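In this note's numbering, the protein residues as written are 40 to 258.
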Amino acid sequence: MRTRAPRDLATLPFAHRLNPFTGEIERSGTYEWLHFEGRTFDDAEGSSSLFSESAFSSVTFNRGRFRRSRFDDVWLHTVRMVGTNLAETTWLDSECTASIFAGAEVHGAEMRRTVFHQCKFDSANLRAATLKDVTFVDCLLRDVDFSGATLNGVCFPGSALDGARFDKATLTAVDLREATTLRIASGTGSLSGATISTTQLFDLAPLLAQHVGFTVKDD
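Written out as structure tokens, the structure reads:
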């Protein structure tokens, strides 16, 4: 599968419009053509805000709330979100590289045409999220919860899914073949609609047998 290489800041179509952000993030704010760089935000309250054609580089968000915020054509590089509330956020045409989402609450979020490169998702909650045409390239997704989520046209080239949960999730045209690791903690029965490799099928055989109720014996 061919995936687009990560873009540099200077190559962004809106790079020439960016201005340094020097203030504080506020609730229901509008942030357009801004470059957030080298900042640490503790307990920021940015719920219901709009971030459009903006860039984040080397930024840390410790906790904080961005519930129902919208990220349109946003570029993130080496961003850390630790325990950040991103519930019901909307992500469109965005790109995130070499970033960390640790314990982030992303449930009910909507992501479309968004790419993650070399990112780490650790215990992230994506319950009931909607992902359409989203790509995870060379990412680590550890203990990520997709329960009740809808995934359509999602792929994971070079990525490791370790302990993923898919309980009551709906998968359509999801390509798992290029995932380097595929360990499902629960929700094996929801993998209908996903494409896996022969090797992955053998790895998942015990879970699939358990789900169907097979007893496997050789004697």
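Glycine included, C-beta positions come from ideal geometry on N, C-alpha and C.
Just so you know, these numbers come straight off a predicted model, no measurement behind them.
Proximity winner among A163, M150, V173, relative to D201 (alpha-carbon distances): As a first step, residue 201 must be located in the sequence shown, where it is residue number 162. Nearest C-alpha to D201: A163.
Coil, strand or helix - F175 by DSSP: Within the sequence shown, the letter at position 136 stands for residue 175. In the structure shown, F175 sits in a strand (DSSP, three-state: E or B).
Where C104 falls, given that 16 or more other Cβ within 10 Å makes a residue buried: Locating residue 104 in the sequence shown gives position 65, where the first residue counts as 1. One point to set straight first is that residue 104 is Arg, not Cys, in the sequence displayed. The residue is buried, with at least 16 neighbouring Cβ atoms inside 10 Å.
Backbone CA spacing between M120 and S88 [nearest angstrom]: Position 81 of the sequence shown, counting from 1, holds the residue named residue 120. Position 49 of the sequence shown, counting from 1, holds the residue named residue 88. Roughly 17 Å separates the two Cα atoms.
CB of E127 within 8 Å of CB of R106, strictly: Here the question's residue 127 lines up with position 88 in the sequence shown. Here the question's residue 106 lines up with position 67 in the sequence shown. Result yes, Cβ atoms of E127 and R106 sit closer than 8 Å.
Nonlocal neighbours in the same chain, by C-beta distance under 6 Å from S225, ignoring five residues either side: The residue labelled residue 225 in the question sits at position 186 within the sequence shown. Counting only Cβ-Cβ distances below 6 Å, and skipping sequence neighbours, we find R204, D206.
Euclidean distance between Cα positions of R216 and A199: By one-based count along the sequence shown, residue 216 stands at place 177. By one-based count along the sequence shown, residue 199 stands at place 160. Taking the straight line joining both Cα atoms gives about 11 Å.
Inter-residue Cα distance where the pair is E84 and A168: Against the sequence shown, residue 84 aligns to sequence position 45. Against the sequence shown, residue 168 aligns to sequence position 129. The alpha-carbon atoms of E84 and A168 are separated by roughly 22 Å.
The beta strand (DSSP E) enclosing N191, as first and last residue numbers: Residue 191 sits at position 152 when you count from the first residue of the sequence shown. Taken as a continuous stretch (DSSP letters only), the beta strand (DSSP E) holding N191 covers 189–191.
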